[in-house]
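Q: Using our numbering, read the sequence shown as starting at 69 and increasing by one per residue.
Note that beta-carbon positions come from the ideal geometry of N, C-alpha and C, so glycine has one too.
For clarity, every value in this text was computed on a predicted model and none was experimentally measured.
After the structure tokens below, expect a handful of questions from me.
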Amino acid sequence: MSDYYSQPLMPFAITFDQEKLALTPEGPTLTRRMSDLEGLFLDGDSWKAAAQGDNPVVYSVVSSPVPELDRELPQSITTIQPGNTGGELWMTKGHQHPNHQGEIYLGLKGTGGLLMFDGERTEWIDMVPGTIGYIPPGWAHRSINVGADPYSFLAVYPGGAGHDYGWVLEHGMGKRAFTADSGVDLRPYEG
Ligand code: PAN
Ligand code: ZN
């Protein structure tokens with residue numbers, strides 16, 4: 069792998085399988101279980117019970133083999149399972165890009181939300197298949213599954229962007245997304 073990445077990449081095609089929501093050739097895959105999401109859900113007791121219980125997979129990320137290096141453009145597909153913890157919809161950890169670079173998401177399957185926070189303002193974009201969500205430089209971002217089926221989206225981001233998860237643990241995301249009879253109930257962050 070390191071030899072491969074030490075040379076500039078040649079142009080190449082990536083196959084996107086719409087059924088499997090997979091990319092070929094494949095890069096690294098990441099699986100996040102409930103136990104990986106410590107400190108993120110408002111209801112810490114419900115989180116702990118789930119993490120110490122069946123510890124479900126909340127989301128996974130597959131990628132193409134484009135390295136996270138400056139000037140490269142890695143892509144990945146995230147799939148978030150449907151569910152909630154203490155009423156709070158299952159979501160990604162969320163992060164800020166330390167050097168404030170932008171990113172785009174494309175909705176592929178299911179229904180979700182793209183929650184963004186710049187430290188003061190919070191924005192929400194409803195994501196359905198075909199929606200392109202634009203994340204401007206300096207906006208922390210988190211994805212949420214608001215439906216009854218898995219929610220998948222493609223992300224394309226600058227390879228040198230880096231991922232700061234501590235920023236979200238420290239500053240929050242401005243709002244939290246809870247289940248509602250129809251749609252999603254967005255509440256102020258509080259904790
Ligand atoms: C996405 C995210 C992916 C998982 O590829 O990394 O959806 O979310 P977390 O990284 O917050 O766990 C992206 O925004 N990359 O920059
Ligand atoms: Zn990002």
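Could you check whether the Cβ of tyrosine 127 sits closer than 6 Å to any heavy atom belonging to ligand 2?
A: no
Q: Check whether the Cβ atoms of threonine 146 and proline 218 lie closer than 7 Å to each other.
A: no
Q: Between the alpha carbons of proline 133 and phenylalanine 80, how many angstroms are there, rounded?
A: Straight-line Cα distance between these residues: approximately 11 Å.
Q: Classify valine 224 as helix, strand or coil using the three-state DSSP reduction.
A: strand
Q: Which ranges does the alpha helix (DSSP H) cover as unbroken runs of at least 4 residues, wholly within the region 107-193, from first to last along the chain?
A: 112-120
Q: For the region 200-217 and the region 150-162, state whether three or more C-beta atom pairs, one from each stretch, are separated by less than 8 Å.
A: yes
Q: Considering only residues of the same chain and omitting the five flanking positions on each side of alanine 60, which have a CB-CB separation below 7 Å?
A: Any property of residue 60 remains undetermined from this structure, which presents the chain solely from 69 to 259.
Q: In terms of alpha-carbon separation, which member of Gly240, Gly112, Gly95, His163 lies closest to proline 135?
A: Gly95
Q: Considering only the beta carbon of each residue, do glycine 170 and proline 204 sit closer than 7 Å?
A: yes
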